[in-house]
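Shown next, in structure tokens, is the structure this report addresses.
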Amino acid sequence: MDIRRLSIKRKLMLITMLTSSLALFVASLGFLAYDLIAFRGLMSHDLMTQAEVIAANSAAAVAFRDEASAKETLSALRARREIVTAALFTSDRQLLARYDRENAAPNSLPDRLEASGYHFEKNYLKAFHGIVLRGQRLGTLYIESDMQQWYARLRRYAAIVGILTLGSAFFAFLLSSRLQSVISEPILGLEKTIRMVSAEKNFSLRAVKSNHDEIGILIDGFNAMLSEIQQRDTDLDAAHKQVVESSRQAGMAEVATAVLHNVGNVLTSVNVSASFVTDAIRKSKLPGLAKAVALMSEQSSNLGHFLTVDPKGKRLPYYLEELAEHLSNEQVVMLKELSSLSKNIEHIKDIVAMQQSYARVSGVVESISAVELVDDALRMNAEALTRHGVQIIREFGEIPKVSVDKHKVLQILVNLVSNAKYALDEGNPPVKQLALRIGMNENSHFKIAVVDNGVGIPKENLARIFAHGFTTKKRGHGFGLHSGALAAKEMGGTLRVHSEGPGKGAIFTLELPLMPGKPFNG
Ligand SMILES: Nc1ncnc2c1ncn2[C@@H]1O[C@H](COP(=O)(O)OP(=O)(O)O)[C@@H](O)[C@H]1O
Ligand SMILES: [Mg+2]
Numbered sequence: 012m013d014i015r016r017l018s019i020k021r022k023l024m025l026i027t028m029l030t031s032s033l034a035l036f037v038a039s040l041g042f043l044a045y046d047l048i049a050f051r052g053l054m055s056h057d058l059m060t061q062a063e064v065i066a067a068n069s070a071a072a073v074a075f076r077d078e079a080s081a082k083e084t085l086s087a088l089r090a091r092r093e094i095v096t097a098a099l100f101t102s103d104r105q106l107l108a109r110y111d112r113e114n115a116a117p118n119s120l121p122d123r124l125e126a127s128g129y130h131f132e133k134n135y136l137k138a139f140h141g142i143v144l145r146g147q148r149l150g151t152l153y154i155e156s157d158m159q160q161w162y163a164r165l166r167r168y169a170a171i172v173g174i175l176t177l178g179s180a181f182f183a184f185l186l187s188s189r190l191q192s193v194i195s196e197p198i199l200g201l202e203k204t205i206r207m208v209s210a211e212k213n214f215s216l217r218a219v220k221s222n223h224d225e226i227g228i229l230i231d232g233f234n235a236m237l238s239e240i241q242q243r244d245t246d247l248d249a250a251h252k253q254v255v256e257s258s259r260q261a262g263m264a265e266v267a268t269a270v271l272h273n274v275g276n277v278l279t280s281v282n283v284s285a286s287f288v289t290d291a292i293r294k295s296k297l298p299g300l301a302k303a304v305a306l307m308s309e310q311s312s313n314l315g316h317f318l319t320v321d322p323k324g325k326r327l328p329y330y331l332e333e334l335a336e337h338l339s340n341e342q343v344v345m346l347k348e349l350s351s352l353s354k355n356i357e358h359i360k361d362i363v364a365m366q367q368s369y370a371r372v373s374g375v376v377e378s379i380s381a382v383e384l385v386d387d388a389l390r391m392n393a394e395a396l397t398r399h400g401v402q403i404i405r406e407f408g409e410i411p412k413v414s415v416d417k418h419k420v421l422q423i424l425v426n427l428v429s430n431a432k433y434a435l436d437e438g439n440p441p442v443k444q445l446a447l448r449i450g451m452n453e454n455s456h457f458k459i460a461v462v463d464n465g466v467g468i469p470k471e472n473l474a475r476i477f478a479h480g481f482t483t484k485k486r487g488h489g490f491g492l493h494s495g496a497l498a499a500k501e502m503g504g505t506l507r508v509h510s511e512g513p514g515k516g517a518i519f520t521l522e523l524p525l526m527p528g529k530p531f532n533g
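For the sequence shown, this note's numbering begins at 12 and goes up steadily by one.
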């Protein structure tokens with residue numbers, strides 16, 4: 012069992028139980044040792060007292076070497092179960108009498124008699140006592156006691172110490188299982204909050220502080236940290252929303268600019284047609300007809316004479332014939348101009364309708380063909396592309412329908428095409444070429460490349476071309492590529508640039524997943 016892997020609750024309980032039990036165990040051992048040592052002293056003192064009584068009682072028997080009487084005196088020891096052997100020796104160290112405990116193999120007697128005193132030897136307590144009568148030493152008493160009482164006491168005490176230790180461990184367990192919660196509960200609460208915060212990413216959660224100790228300080232610190240993170244999270248969120256919103260607006264502005272540009276160009280043609288028609292009407296010969304009619308109504312009374320005799324009247328039919336021919340020519344020209352005018356107005360209507368249809372579906376993913384998207388982007392720039400004599404090359408590979416937010420994709424493409432047109436204008440190559448390529452990529456992404464042979468991009472600009480506000484145009488705002496790259500990323504794709512350098516043209520590649528929701532990993 013690895014103690015470091017245990018929960019705080021378990022650790023606290025284990026530590027409490029171990030310390031309290033160990034403390035009690037050590038204290039009990041001290042008492043036990045003291046008691047057993049004291050008990051040895053008591054035993055030896057007791058044996059010496061016994062020896063003194065027997066020595067006194069056996070003095071006469073020893074003096075007269077009365078064996079029977081000596082035996083009789085020793086047999087009084089029967090009452091003491093711990094005494095194993097006893098013996099009386101005369102002054103010339105002859106054995107006078109001996110006593111052996113019943114049902115016990117007789118112990119060997121000591122080889123040497125000693126002065127009064129005792130000693131412990133192996134598992135026995137051995138004592139000698141002089142037999143003295145009126146100051147004269149008559150002999151020696153030897154008594155030997157076993158240590159069974161002492162061992163019994165040792166066993167009893169050991170059992171008590173064991174029971175006490177177990178009991179104290181049990182009570183320490185009961186007590187610590189309640190008291191540990193004072194420390195472990197706030198920590199567990201903190202841990203629970205941390206888990207919830209990291210699982211839900213909800214920084215508005217707070218750990219509850221119940222103690223004013225180090226854990227309390229820890230919880231305060233943690234909560235303060237959460238507040239800080241929450242604040243930053245909110246700020247970040249707001250900033251992100253702002254970026255998304257401004258990039259959306261920039262994207263819309265990009266398309267609106269392209270649309271307005273286009274409409275403006277068509278309106279120029281409309282204006283030319285309108286002035287032409289106005290001019291033609293102003294210079295029309297139609298008033299001549301009114302004059303002729305007025306002349307004829309003046310002469311209504313003698314119209315026949317007027318037409319046949321009057322020189323003015325004779326010219327009138329020829330004039331009318333000429334006028335009729337002229338007016339019918341005029342009508343043809345004006346009808347032609349008016350038809351072109353209405354075509355142009357129709358074109359404006361189409362452009363506005365297209366813009367509206369894209370604006371309406373913003374944020375909605377639709378299944379659409381990539382070719383249609385590219386054609387719409389070209390159409391929005393069509394007028395300017397034609398005016399600048401740009402040759403458009405379509406290299407459309409076969410790809411399945413794509414599911415995208417077509418408004419976003421159109422914004423990106425419109426800007427790429429309009430950028431290419433500017434680049435072609437500025438680079439002014441002999442043949443201005445704009446190629447549009449559609450193809451598949453690995454990992455179910457499709458790509459649309461906008462390739463021009465225009466002015467190209469110097470190396471140092473490649474790195475910052477997607478930065479917000481980067482532009483090299485007098486009237487550019489540098490939002491297009493920035494918002495385009497952001498929109499591509501939002502859709503799970505990328506917008507990338509490649510150029511061999513100034514004068515070498517540029518390739519912008521938009522890569523998007525065929526289906527949204529599959530993050531791009533390339
Ligand atoms: N096809 C291209 N060839 C050369 N330079 C380009 C091309 N497209 C973009 N750029 C450069 O990137 C700059 C930023 O483009 P963009 O973000 O669309 O903003 P803007 O069109 O308003 O300048 C342009 O000003 C131009 O210098
Ligand atoms: Mg642009």
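We put the beta carbon where it would ideally sit given N, CA and C, even for glycine.
Task: A478, DSSP secondary structure in three states - done: Coil.
TODO: Tell me whether S127 sits in a helix, a strand or coil according to DSSP, three-state version.
DONE: Collapsing the DSSP output to three states places S127 in coil.
TODO: Examine ligand 2 and report whether any of its heavy atoms sits within less than 7 Å of the Cβ of G438.
DONE: Answer for G438: no, Cβ out of range of ligand 2.
Task: Through-space distance from M24 to H130, alpha-carbon basis - done: The alpha-carbon atoms of H130 and M24 are separated by roughly 48 Å.
TODO: Output the residues surrounding ligand 2, defined as those with a CB atom closer than 7 Å to any ligand heavy atom, in chain order.
DONE: Counting every residue whose Cβ lies closer than 7 Å to a heavy atom of ligand 2, we get E265, N426, S429, N430, G487, G491, L492.
TODO: Taking only the alpha-carbon atoms, compute the straight-line gap between K515 and H399 and give it to the nearest angstrom.
DONE: Straight-line Cα distance between these residues: approximately 19 Å.
Open item on the list: Measuring alpha carbon to alpha carbon, tell me which residue in F75, G512, T96 is nearest R112.
Closed with: R112 has its Cα closest to that of T96, out of F75, G512, T96.
TODO: Run through the region 113 to 170 for me and flag every whole beta strand (DSSP E) of 3 or more residues, listed as ranges in chain order.
DONE: For the region 113 to 170, whole beta strand (DSSP E) runs of length 3 or above, ordered along the chain, are 128 to 132, 135 to 144, 147 to 157.
Open item on the list: Pairs of beta-carbons, one from the region 411 to 423 and one from the region 374 to 392, closer than 8 Å: are there three or more?
Closed with: A contact exists between the region 411 to 423 and the region 374 to 392.
Task: Straight-line Cα distance separating L106 from R166 - done: The straight-line gap from Cα to Cα measures roughly 37 Å.
Task: Contact set for F233: own chain, Cβ-Cβ below 6 Å, skip 5 residues either direction - done: So the qualifying residues of the chain are A218.
TODO: Tell me where the beta strand (DSSP E) around S414 begins and ends.
DONE: Segment 413 to 416, the beta strand (DSSP E) holding S414.
Open item on the list: So for F531, helix, strand or coil by DSSP?
Closed with: Any reading at F531 needs caution, since the residue's pLDDT is 42, under 50, leaving its predicted position unreliable; the model's value is listed next. In the structure shown, F531 sits in coil (DSSP, three-state: anything other than H, G, I, E or B).
Open item on the list: Which residues does DSSP list as the beta-bridge partners of K458?
Closed with: For K458, DSSP records a beta bridge to G450, E522.
- [ ] Indicate the three-state DSSP secondary structure (helix, strand or coil) for M28 in the structure shown.
- [x] Of the three classes helix, strand and coil, the one that applies to M28 here is helix, per DSSP.
- [ ] Tell me whether the beta-carbon of Y153 lies closer than 8 Å to the beta-carbon of F100.
- [x] Going by C-beta atoms, Y153 is nearer than 8 Å to F100.
Task: Residues near A269 in its chain [Cβ-Cβ closer than 7 Å; skip 5 each side] - done: The answer, listed in chain order, is M391, N392, V425, S429.
Open item on the list: Which residue marks the beginning of the beta strand (DSSP E) containing L506, and which one marks its end?
Closed with: According to the DSSP assignment, L506 belongs to the beta strand (DSSP E) that extends over 505 to 509.
TODO: Go through its chain and collect everything with a Cβ distance to L338's Cβ below 7 Å, but skip five positions before and after it.
DONE: Listed in chain order, the non-local C-beta contacts of L338 below 7 Å within the same chain comprise K296, L297, local neighbours out to five positions each way being set aside.
TODO: Run the CB neighbour count on V193, radius 10 Å, all protein chains shown included, and call it buried at 16 or more, exposed below.
DONE: Exposed, since its Cβ has fewer than 16 Cβ neighbours within 10 Å.
Open item on the list: Please classify Q191 as buried or exposed, where buried requires at least 16 neighbouring CB atoms within 10 angstroms.
Closed with: Its Cβ being crowded by 16 or more others within 10 Å, Q191 is buried.
Open item on the list: So, for V281: in the same chain, excluding its five sequence neighbours on each side, which residues have a beta-carbon less than 7 Å away from its beta-carbon?
Closed with: The residues are L352, N355, I356.
Task: Sequence-distant residues of the same chain with beta carbon closer than 6 Å to L120, five excluded per side - done: Here L120 has A98 as same chain residues with Cβ atoms under 6 Å from its own Cβ, once five neighbours each way along the sequence are excluded.
Task: Limits of the alpha helix (DSSP H) - the one that I226 falls within - done: Run containing I226: 225 to 293, per the alpha helix (DSSP H) assignment.
TODO: Can you have a look at Y162 and say buried or exposed, based on whether 16 or more other CB atoms are within 10 angstroms of its CB?
DONE: Residue environment: Y162 is assigned as exposed (fewer than 16 neighbouring CB atoms within 10 Å of its CB, all protein chains considered).
- [ ] With a threshold of 16 other CB atoms inside 10 Å of the CB of P441, please say whether the residue is buried or exposed.
- [x] Counting the other CB atoms within 10 Å of its CB gives P441 a total below 16, which places it among the exposed residues.
TODO: Could you check what DSSP says for E93 in three-state terms: helix, strand or coil?
DONE: Correct three-state label for E93: coil.
Open item on the list: I want to check one thing, is the minimum distance from the CB of V382 to the heavy atoms of ligand 1 below 7 Å?
Closed with: Outside the cutoff, so no.
- [ ] Measure the beta-carbon distance from R448 to A460 and round it to whole angstroms, keeping in mind my assumption that it falls under 8 Å.
- [x] Contact between R448 and A460 holds: their C-beta atoms lie close to 4 Å from each other, under 8 Å.
Task: CA nearest to the CA of A183, picked from R148, L33, V73, M59 - done: Of R148, L33, V73, M59, the smallest CA-CA separation from A183 is found for L33.
Open item on the list: For I194, list the residues DSSP reports as bridge partners.
Closed with: Paired residue(s): none; I194 is not in a bridge.
Open item on the list: Tell me which residue opens and which closes the alpha helix (DSSP H) that F407 is part of.
Closed with: That residue, F407, is in no alpha helix (DSSP H); its beta strand (DSSP E) goes 402 to 407.
Open item on the list: With distance defined between alpha-carbon atoms, name the residue in F519, F42, G227 nearest to G495.
Closed with: For the set F519, F42, G227, the Cα lying nearest the Cα of G495 is the one of F519.
Task: C-alpha distance - D290 paired with L327, whole-angstrom precision - done: Between the C-alpha atoms of D290 and L327 there is a straight-line separation of about 27 Å.
Open item on the list: So, with DSSP's three-state summary, where would you put R21?
Closed with: Collapsing the DSSP output to three states places R21 in a helix.
Open item on the list: Could you give the first and the last residue of the continuous alpha helix (DSSP H) run that contains A393?
Closed with: Taken as a continuous stretch (DSSP letters only), the alpha helix (DSSP H) holding A393 covers 393 to 398.
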